[in-house]
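Visitor: Input: one structure, supplied below.
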Amino acid sequence: MHAHNCFCNQLIGVHMSISGGWHQALLQGNKIQCTTVQIFLKNNRQWNVPKTSTTEIELFKETHVKTNIFPVAHASYLINLASPKKEIEQLSIQSLKNELKLCDQLNIPYLIIHPGSHLDDSVENGLMRISQSINKIYEETNYNCILLLETMAGQGTTLGKTFEQLGQILHTINQKNKVGVCLDTCHVFAAGYKFNTLLEYNTLLHTFNSIIGLEILKVIHINNSQKECGSFIDRHEHLHKGKISLEAFSHFLNDQKLKHIPKILETPKDQGLMSDIKNLEIIKNLLIKN
Ligand SMILES: [Zn+2]
Ligand SMILES: [Zn+2]
Numbered sequence: 076m077h078a079h080n081c082f083c084n085q086l087i088g089v090h091m092s093i094s095g096g097w098h099q100a101l102l103q104g105n106k107i108q109c110t111t112v113q114i115f116l117k118n119n120r121q122w123n124v125p126k127t128s129t130t131e132i133e134l135f136k137e138t139h140v141k142t143n144i145f146p147v148a149h150a151s152y153l154i155n156l157a158s159p160k161k162e163i164e165q166l167s168i169q170s171l172k173n174e175l176k177l178c179d180q181l182n183i184p185y186l187i188i189h190p191g192s193h194l195d196d197s198v199e200n201g202l203m204r205i206s207q208s209i210n211k212i213y214e215e216t217n218y219n220c221i222l223l224l225e226t227m228a229g230q231g232t233t234l235g236k237t238f239e240q241l242g243q244i245l246h247t248i249n250q251k252n253k254v255g256v257c258l259d260t261c262h263v264f265a266a267g268y269k270f271n272t273l274l275e276y277n278t279l280l281h282t283f284n285s286i287i288g289l290e291i292l293k294v295i296h297i298n299n300s301q302k303e304c305g306s307f308i309d310r311h312e313h314l315h316k317g318k319i320s321l322e323a324f325s326h327f328l329n330d331q332k333l334k335h336i337p338k339i340l341e342t343p344k345d346q347g348l349m350s351d352i353k354n355l356e357i358i359k360n361l362l363i364k365n
């Protein structure tokens, strides 16, 4: 028995390409022993959603049952619910509705979204527009899929770099059970949060819990950061490289309070699947056998 050689008792996986179809992401994930996988539903740099066939949807659902992999989706990078430009706001809302609908069809429980950028408008107005749009979307249709706001590095006018900003959005959302949070270790580090020592980690979690609430933390992105703490620059790195120590990751990986939460790598794929295998191996070694 090599109990440490699988992720049987935790949801751990990687972001996977959907080239060849959505189901391919699950098959690829299965091949490298992932128990969860994150996908983009479509080309994440295009607005248009390609026509989807019921066959493709059925194939994904069948593969989901066969592999038993927990699927998570990440929304398009183009969506900006905080945009002061009416046209972009409308496109963003429509695009998000399409993605939520698709998640419901595919039985994907979580859709992760970057909160948005306020551009030349104020932070306050940006935050307000995000919650207004989310309220509108879920008032119109009661999607099953839960929207997860991601913690951001704070590059440019990106919103969500502090727990306070996310807390402010969440506070004004009407459908509380439809919105949660995805914490990205690279992003929170770049935004100035430290979690190297156990004390720093506990402080971070305590702050998160008091401002946002640990019960709505639904996904964790496990990424290292090329840039320093407080750099506000979003550059992912392999787990063994970058400015975050392996010890810092082990706090997240071995915390019993977070055991049920899917943990997903978005680390570089310079060696294709081999890169993922290597980073997953590091996670296996960091997990305390229990
Ligand atoms: Zn993201
Ligand atoms: Zn990032």
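For the sequence shown, my numbering begins at 76 and goes up steadily by one. Glycine residues also receive a C-beta, built at the ideal position from the N, C-alpha and C atoms.
1) Return the chain-ordered list of same chain residues with a C-beta closer than 7 Å to the C-beta of Cys178, the five sequence neighbours on each side being excluded.
2) Does any residue of chain D have a CB that is nearer than 7 Å to the CB of Ser208?
3) Sorry if obvious, but does the Cβ on Glu225 come closer than 6 Å to a heavy atom of ligand 1?
4) Opposite Asp259 in the DSSP bridges: which residues?
5) Just the Cα atoms here: how many angstroms apart are Cys83 and Asn182?
6) Let me confirm a value: Gln240 is counted as buried when at least 16 other C-beta atoms fall within 10 Å, else exposed. Which label applies?
7) Distance check for Lys253 and Val294, CA to CA, integer angstroms please.
8) For a minimum of 3 consecutive residues, which ranges assigned as the beta strand (DSSP E) are wholly contained in the segment 115 to 174?
9) If distances are taken between C-alpha atoms only, which option among Asn354, Thr282 and Met349 comes closest to Val321?
10) Could you tell me if the beta carbon of Asp351 falls within a distance shorter than 6 Å of some heavy atom in ligand 2?
11) Starting from the Cα of Thr130, find the closest Cα among Ile352, Trp97, Thr110 and Ala150 and give me that residue.
12) Please enumerate, following chain order, all residues with a beta carbon closer than 7 Å to at least one heavy atom belonging to ligand 2.
13) Would you identify the three-state DSSP class for Glu225, choosing helix, strand or coil?
14) Are the beta-carbon atoms of Gly317 and Asn299 separated by less than 7 Å?
15) Quick check on the DSSP output: the beta strand (DSSP E) that includes Lys338 runs from which residue to which?
16) By Cβ distance, which residues of its chain are closer than 6 Å to Ser94, with the 5 residues on each side in sequence left out?
17) Would the beta-carbon of Asn155 fall within 7 Å of that of Ser192?
Guide: If we stick to the structure as given:
1) Once the five neighbours on either side are set aside, the close Cβ partners of Cys178 are Ala148, Leu186 and Cys220.
2) Annotation note: the requested chain D is absent from the structure, which comprises a single protein chain.
3) Yes, ligand 1 has a heavy atom inside 6 Å of this Cβ.
4) His296, per the DSSP bridge assignment.
5) Each residue's Cα considered, the two are about 21 Å apart.
6) Per the 10 Å Cβ criterion, buried.
7) Distance between the alpha carbons of Val294 and Lys253 is about 14 Å.
8) 145 to 149, all fully within the segment 115 to 174.
9) Looking at the sequence provided, one finds Leu at residue 321 rather than Val. Ranking Asn354, Thr282 and Met349 by Cα distance to Leu321 puts Asn354 first.
10) Checking every heavy atom of ligand 2 against the Cβ of Asp351, none is found closer than 6 Å.
11) Comparing alpha-carbon positions, the option among Ile352, Trp97, Thr110 and Ala150 lying closest to Thr130 turns out to be Trp97.
12) Here the residues come out as Ala228, Asp259, Cys261, His262, Asn298, Asp309, His311 and Glu341.
13) Here Glu225 sits in strand by DSSP.
14) The criterion of a C-beta distance shorter than 7 Å is satisfied by Gly317 and Asn299.
15) For Lys338, the uninterrupted beta strand (DSSP E) run begins and ends at Lys338 to Leu340, by DSSP.
16) Around Ser94: no qualifying Cβ.
17) Contact flag set, yes.
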